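Asker: Can you keep this structure in mind? I'll have questions shortly.
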Amino acid sequence: MKTTDFTTCNVCDNPGTLETAKEVEEIYSDRRKFSDRKFTVWRCSSCGSLHSKEAVNLDEYYQGYLGNQRLDYFLSCMYYTRLKLLSKYGFRKSSTLLDYGCNQGLFLSFLRERGYKNVFGYDAYIPKYADETVLSKKYDFVVSYQVIEHVEEPRHFFRQAASCLEQGGILVIETPNATDISLSGIDEGPLDKKRLLHQPYHRHTLSQQALLGLGLSQGLSVVPSSSRIEYDTLFPGVNNRAISTYFQLAGDVHDVIEEPFQIKTFLTSPQLWFYCFFGYFFPVKGYMRVIFQNLSES
0 MKTTDFTTCN VCDNPGTLET AKEVEEIYSD RRKFSDRKFT VWRCSSCGSL
50 HSKEAVNLDE YYQGYLGNQR LDYFLSCMYY TRLKLLSKYG FRKSSTLLDY
100 GCNQGLFLSF LRERGYKNVF GYDAYIPKYA DETVLSKKYD FVVSYQVIEH
150 VEEPRHFFRQ AASCLEQGGI LVIETPNATD ISLSGIDEGP LDKKRLLHQP
200 YHRHTLSQQA LLGLGLSQGL SVVPSSSRIE YDTLFPGVNN RAISTYFQLA
250 GDVHDVIEEP FQIKTFLTSP QLWFYCFFGY FFPVKGYMRV IFQNLSES
């Protein structure tokens, strides 16, 4: 599947272009297999979103992507935190939920094990969840975690997600926040920036302004919520600071998330020990969670 060469912003109403962009950088992929490949990332001068310019064959890059994940301690802690937040906004065992971009469906398994039966998933790259029939139904909750940045057409993605909401339904979007990401010094500094940009997988990294604009365009209301994302928790080791530090020490590549935990790395780093227990109090910028609600009658 060949993607489009993006030189014009496709997420805001007054689109900037690559030609007029004040920030443009060539960035190496953070995947080990493609670490010798560079990609052009530029920032829209209007909405501040970041775009990956080059057209690439995403089928090649997604082959085997995150295929080794399992419901381990880290994911269980994240999913518990996710469930706790959803419950705060009315999610019950009788509620219907769509996980849009569910990957292997591990969150769905987590929910079903706890008695939540009306949960469904969609992911175009996973045959088990590639049936688009689920997108023609309505749900009390639609959630999408670290997905919208992967799609070629964020407007279409958001419109489709919003169309799946029941009246009063809740839409949760978590994604990197372009506003917090500087393009300077990507390859010389720590992994955080390169991991946030995650080339060439992150096609469009939205600014908060752009994401809120997409919600407004669909007639959705913004629901106040904490800015803490799902894996920034008080559970030991499950916070963004500790995870970022571990990535840097364990290889500085995205592949680390799919590989066995390096216990030696953990045992020999006092800094990592510290952040495992106290990293929550040293938050790392770069991500956002925005919660929308469909209050319309139609």
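Heads up, the sequence shown is in numbering that gives the first Met the number 0, so the first residue is 0 and it goes up one at a time.
Even for Gly, the Cβ is constructed at its ideal location relative to N, Cα and C.
Because the structure is a prediction, the values reported are computed rather than measured.
Could you give the residue range of the beta strand (DSSP E) that holds Thr174?
Answerer: Stepping through the sequence shown from its first residue, residue 174 is reached at position 175. Here the beta strand (DSSP E) through Thr174 covers Leu164 to Pro175.
Asker: What's the C-alpha gap between Pro189 and Asp251?
Answerer: Locating residue 189 in the sequence shown gives position 190, counting from the first residue. Locating residue 251 in the sequence shown gives position 252, counting from the first residue. Any reading at Pro189 needs caution, since the residue's pLDDT is 49, under 50, leaving its predicted position unreliable; the model's value is listed next. Using only the alpha carbons, I get a separation of about 8 Å.
Asker: Only counting the same chain, and skipping five residues up and downstream in sequence, which positions put a Cβ closer than 6 Å to that of Ala209?
Answerer: By one-based count along the sequence shown, residue 209 stands at place 210. Around Ala209: Val10, Cys11, Cys46 and Ser48.
Asker: Does the Cβ-Cβ distance between Arg202 and His253 come in under 8 Å?
Answerer: Here residue 202 refers to the residue found at position 203 of the sequence shown. Here residue 253 refers to the residue found at position 254 of the sequence shown. A distance of 8 Å or more separates the beta carbons of Arg202 and His253.
Asker: Where do the ends of the beta strand (DSSP E) carrying Thr39 lie?
Answerer: If you number the sequence shown from 1, residue 39 lands on position 40. Segment Lys37 to Arg42, the beta strand (DSSP E) holding Thr39.
Asker: Between the alpha carbons of Phe119 and Thr19, how many angstroms are there, rounded?
Answerer: Here the question's residue 119 lines up with position 120 in the sequence shown. Here the question's residue 19 lines up with position 20 in the sequence shown. When rounded, the distance between both Cα atoms is 42 Å.
Asker: Measuring straight from C-alpha to C-alpha, what distance separates Leu248 and Arg111?
Answerer: Counting from one through the sequence shown, the residue named residue 248 turns up at place 249. Counting from one through the sequence shown, the residue named residue 111 turns up at place 112. Roughly 35 Å between the two C-alpha positions.
Asker: Cβ atoms of Asp4 and Lys52: under 8 Å apart, would you say?
Answerer: One-based indexing of the sequence shown puts residue 52 at position 53. One-based indexing of the sequence shown puts residue 4 at position 5. In contact: Lys52 and Asp4 (Cβ atoms closer than 8 Å).
Asker: Put Val203 into one of helix, strand or coil per three-state DSSP.
Answerer: For this step, residue 203 is matched to residue 204 along the sequence shown. Position check: residue 203 holds His in this sequence, whereas Val was assumed. In the structure shown, His203 adopts extended strand secondary structure according to DSSP, grouped into three states.
Asker: Taking contact to mean 3 or more Cβ pairs, one atom from each stretch, closer than 8 Å, check whether the region 102-109 and the region 70-89 are in contact.
Answerer: yes
Asker: Taking only the alpha-carbon atoms, compute the straight-line gap between Val255 and Leu134 and give it to the nearest angstrom.
Answerer: What you label residue 255 is simply residue 256 of the sequence shown in a count that begins at 1. What you label residue 134 is simply residue 135 of the sequence shown in a count that begins at 1. Distance between the alpha carbons of Val255 and Leu134 is about 32 Å.
Asker: Do you know offhand how far Ala161's Cα is from Tyr286's?
Answerer: Position 162 of the sequence shown, counted from the start, is the residue given in the question as residue 161. Position 287 of the sequence shown, counted from the start, is the residue given in the question as residue 286. About 21 Å.
Asker: For Asn238, count neighbouring Cβ atoms within 10 angstroms of its own Cβ and tell me buried if that reaches 16, exposed if not.
Answerer: As a first step, residue 238 is located in the sequence shown; it is residue number 239 there, counting from the start. So Asn238 counts as buried.
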